[in-house]
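The structure appears right after this line, and notes come after that.
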Amino acid sequence: MIRIEGLEAVMHRVQELNIRFGIEQRTYNKQNAVQEASSKTFAQELQEAKEAKGTSYIPKNKDSVSTGDSDTNTILAAMAKRYQVDPRLAAAVAQVESNGRQEAVSSAGAIGVMQLMPGTAQSLGVDPYDKQQNIEGGVKYLRQLLDTFGGDVAKAVAAYNAGPQAVKNYNGIPPYGETQNYVNKVLDIYR
3 MIRIEGLEAV MHRVQELNIR FGIEQRTYNK QNAVQEASSK TFAQELQEAK
53 EAKGTSYIPK NKDSVSTGDS DTNTILAAMA KRYQVDPRLA AAVAQVESNG
103 RQEAVSSAGA IGVMQLMPGT AQSLGVDPYD KQQNIEGGVK YLRQLLDTFG
153 GDVAKAVAAY NAGPQAVKNY NGIPPYGETQ NYVNKVLDIY R
């Protein structure tokens, strides 16, 4: 169990989760006064883009992926092909995990586009700080989870977030709010 000390650490984690799940962001000053964030959340921007274009953020074409960064998209597509994972699924996971950003690091220590924990990255034989290896490790791990759960995308995505043992223990998506929200967000983008 991770021990979080201090209000600033807690507020940082709350803000991180808000960003990750597209919840309205709020910032807190040192007097604990709530200030509305000046920028739109990712979920708001995504919804506006969908409405403006009349299409989904991740194209429905099985060979097309989009996270907003062509280099990331190219790597995602190549790794999805290598590990026989639907590129739209790989892109959806990358989008929800980090908004496609290699510089993303969570307070729990998850790193990069695919938000790999150091131990997971090590077990996959990749350097999580290298963008290409990070994406390769994440897609390879997603393939392993799809195989573990008989191709059940929802269970594989839940396991990517909560760990495979939690999915096995509950014989499905664990009753954790964070995991349920995560699965819904990934599947909404993917489908």
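Using the working numbering, you'd call the opening residue of the sequence shown number 3 and step up by one each time.
Each residue gets a CB set at the ideal place from its N, CA and C atoms; glycine is no exception.
- Relative to the Cα of D149, the nearest Cα in the group E138, G111, G102 and Q86 belongs to Q86.
- Under the 10 Å beta carbon count, N173 is surrounded by fewer than 16 other beta carbons and is classified as exposed.
- Residue state for V107 is assigned as strand, using DSSP reduced to three classes.
- Assigned with DSSP and collapsed to three states, I113 falls in strand.
- In terms of Cβ geometry, V188 and V141 do not form a close pair [threshold 8 Å].
- Taking a 10 Å sphere around the C-beta of K133, we find 16 or more other C-beta atoms and assign the residue as buried.
- Residue pairing of L118 in beta bridges, as defined by DSSP: I113.
- Taking a contact as a CB-CB distance under 8 Å, the pair A106 and Q117 counts as one, their CB atoms being some 7 Å apart.
- It is roughly 22 Å from the alpha-carbon of N136 to the alpha-carbon of F151.
- For R90, the three-state secondary structure derived from DSSP is helix.
- If you check the CB distance, A94 and L78 do not come in under 8 Å.
- Residue environment for A110: exposed (fewer than 16 other C-beta atoms within 10 angstroms of its C-beta).
- Non-local C-beta neighbours of T74 in its own chain, meaning closer than 8 Å and more than five positions away in sequence, comprise A96, G102, Q104, V115, K133 and I137, ordered along the chain.
- In the structure shown, P177 falls within a coil segment according to DSSP collapsed to helix, strand and coil.
- Under the 10 Å beta carbon count, E180 is surrounded by fewer than 16 other beta carbons and is classified as exposed.
- The beta carbons of A161 and L147 sit closer together than 8 Å.
- If you compare the alpha carbons of Y131, L126, Y192 and M119 with that of A156, the shortest gap goes to Y192.
- Per DSSP, D132 is not a residue of any alpha helix (DSSP H), being assigned neither H nor E.
- In this structure, DSSP gives D149 a helical state, which the three-state scheme calls helix.
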